[in-house]
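Undergrad: Per the numbering used here, the very first residue in the sequence shown carries number 559; after that it's consecutive. Yeah, the Cβ is synthetic: ideal placement off N, Cα and C, and Gly gets one too. None of these values were measured; they are calculated from a predicted model. Before I ask anything, here is the structure I am working with.
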Amino acid sequence: MSDLGLSVLIVGGSGGIGWALCKTLSTLPNVKVMATYRQDIPEEAKDYGEIVWLPIDVREQSQYVALVEGVIEILSETTGQPARIDWVINCVGQLSIDQELPEKNLKSIESERFVKAMQINTLPTLLLAQHLQPLLRRSAAPRFATISARVGSISDNGLGGWYSYRCSKAALNMALKNISIEWGRLMPNSCTVALHPGTTDTSLSKPFQANVPEHKLFSADKTARLLMGVLMSLQRENNGQFLAFDGSLIEW
Ligand SMILES: NC(=O)c1ccc[n+]([C@@H]2O[C@H](COP(=O)([O-])OP(=O)(O)OC[C@H]3O[C@@H](n4cnc5c(N)ncnc54)[C@H](OP(=O)(O)O)[C@@H]3O)[C@@H](O)[C@H]2O)c1
């Protein structure tokens, strides 16, 4: 039994950015990394045996309780103390829904696809906050971040299109802002943020990389390093902000 330096939960740890964050965090001393997957744990994960994996399909409300129980069990076994989470980073997201590319215009909007985008990109952040609040409250400086996207910024929208994705990320941003206000009262040392990772070479961005200049397409490892820099430097005054990979502020 030992005390933890930092306990971190990466939701969507099996994805491109999520897995890169898991690897980066696991190289730091005294950090307990827990990560979730839906379909498969990354092939490479066997070389990182210290990362503990938990399953969740974020669309299934009943699975959040099992996730919390799993986290409590892991942390209680590790420390022998009441379970505490310091950081939650939600990296789950979908741009193409059911293999359908995002909408270019109003004509292609379909209600089922729109609702799925909200179920995957928006609602899970609220359910994670609801279920993990008791564990975050035990942290001296809780941090709660979801990977959003610059295209979810209303004031930055100059191109249009991608209706479901843009709307679900804009709604996600509102959800995070709301959480930051509620937790700002409940946990004055907490910091809740929306993060923009930059265009990153993952399965999500593959169909859209053709027109991205090489220097603007980051590897997942580079994105993880940059996002870690942002997460490490968060202060109380960053609570409720939308921050890019370089720490710059994005207008809502
Ligand atoms: N890549 C970019 O250029 C870029 C740019 C801006 C924002 N983002 C955002 O960054 C985040 C991470 O994206 P990424 O590029 O790393 O994409 P990715 O490689 O496709 O990873 C997406 C992750 O979401 C998980 N996921 C999807 N549906 C799920 C569900 N119903 N339940 C549980 N997990 C589910 C996937 O798990 P499974 O593989 O098991 O389905 C995977 O772990 C997303 O929110 C995305 O919107 C990415």
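Considering Cα atoms alone, identify which of W611, P640 and P587 is closest to A593.
TA: For the purposes of this step, residue 593 is taken as residue 35 along the sequence shown, with counting starting at 1. For A593, the nearest C-alpha among the options comes from W611.
Undergrad: Comparing the CB of I630 with every heavy atom of ligand 1, is any distance shorter than 8 Å?
TA: On the sequence shown, residue 630 is found 72 positions in, with the first residue counted as 1. Answer for I630: no, Cβ out of range of ligand 1.
Undergrad: Within 10 angstroms of the Cβ of N769, are there 16 or more other Cβ atoms? Answer buried if so, exposed if not.
TA: On the sequence shown, residue 769 is found 211 positions in, with the first residue counted as 1. Answer is exposed; the Cβ neighbour count stays below 16.
Undergrad: Output the residue ranges of the alpha helix (DSSP H) runs that lie fully inside the segment 758-807 and measure 4 residues or longer, sorted by chain position.
TA: As far as the segment 758-807 is concerned, its whole alpha helix (DSSP H) runs of at least 4 residues are 778-790.
Undergrad: Once the 5 residues before and after H696 are set aside, which same chain residues still bring their CB inside 7 Å of it?
TA: Sequence index remark: in the sequence shown, residue 696 carries index 138 (1-based). Contrary to the premise, residue 696 reads as Arg rather than His in this sequence. P640 and R642, listed in sequence order.
Undergrad: Can you give me the Cβ contacts of V566 inside the same chain, cut-off strictly under 8 Å, excluding the 5 residues immediately before and after it?
TA: Numbered from its first residue, the sequence shown carries residue 566 at position 8. The answer, listed in chain order, is L583, V589, K590, V591, M592, I643, D644, W645, V646 and I647.
Undergrad: Just how far apart, CA to CA, sit A698 and N747?
TA: Translated into the one-based positions of the sequence shown, residue 698 becomes position 140. Translated into the one-based positions of the sequence shown, residue 747 becomes position 189. Taking the straight line from one Cα to the other gives about 7 Å.
Undergrad: Inspect the beta-carbon positions of G563 and A778 and report whether they are closer than 9 Å.
TA: Residue mapping note: residue 563 aligns to position 5 of the sequence shown, counting from 1. Residue mapping note: residue 778 aligns to position 220 of the sequence shown, counting from 1. Going by C-beta atoms, G563 is not nearer than 9 Å to A778.
Undergrad: Classify S703 as helix, strand or coil using the three-state DSSP reduction.
TA: As a position in the sequence shown, residue 703 is number 145, starting the count at 1. The residue asked about is misnamed: residue 703 is Ala in this sequence, not Ser. If DSSP states are grouped into helix, strand and coil, A703 belongs with the strands.
Undergrad: What's the call for N663, buried or exposed, on a 16-neighbour Cβ count within 10 Å?
TA: Here residue 663 refers to the residue found at position 105 of the sequence shown. Classification of N663: exposed, given that the 10 Å Cβ count is below 16.
Undergrad: What separation, rounded to the nearest whole angstrom, lies between the Cα atoms of M559 and E631?
TA: Here residue 559 refers to the residue found at position 1 of the sequence shown. Here residue 631 refers to the residue found at position 73 of the sequence shown. Confidence at M559 is low in this model, with a pLDDT of 44, below 50, so its placement is unreliable and no value can be given for it.
Undergrad: Just to confirm my understanding: we take A578, look at its own chain, exclude 5 residues before and 5 after, and list those with CB closer than 6 Å. What are they?
TA: Position 20 of the sequence shown, counted from the start, is the residue given in the question as residue 578. Closer than 6 Å at Cβ, skipping near neighbours: A778, D779 and A782.
Undergrad: How would you label R701, buried or exposed, when you count the other beta carbons within 10 angstroms and need 16 or more for buried?
TA: The count along the sequence shown starts at 1 and reaches residue 701 at position 143. Buried, by the Cβ-count rule.
Undergrad: Quick check on T680: does DSSP put it in helix, strand or coil?
TA: On the sequence shown, residue 680 is found 122 positions in, with the first residue counted as 1. Note: T680 maps to coil in three-state DSSP.
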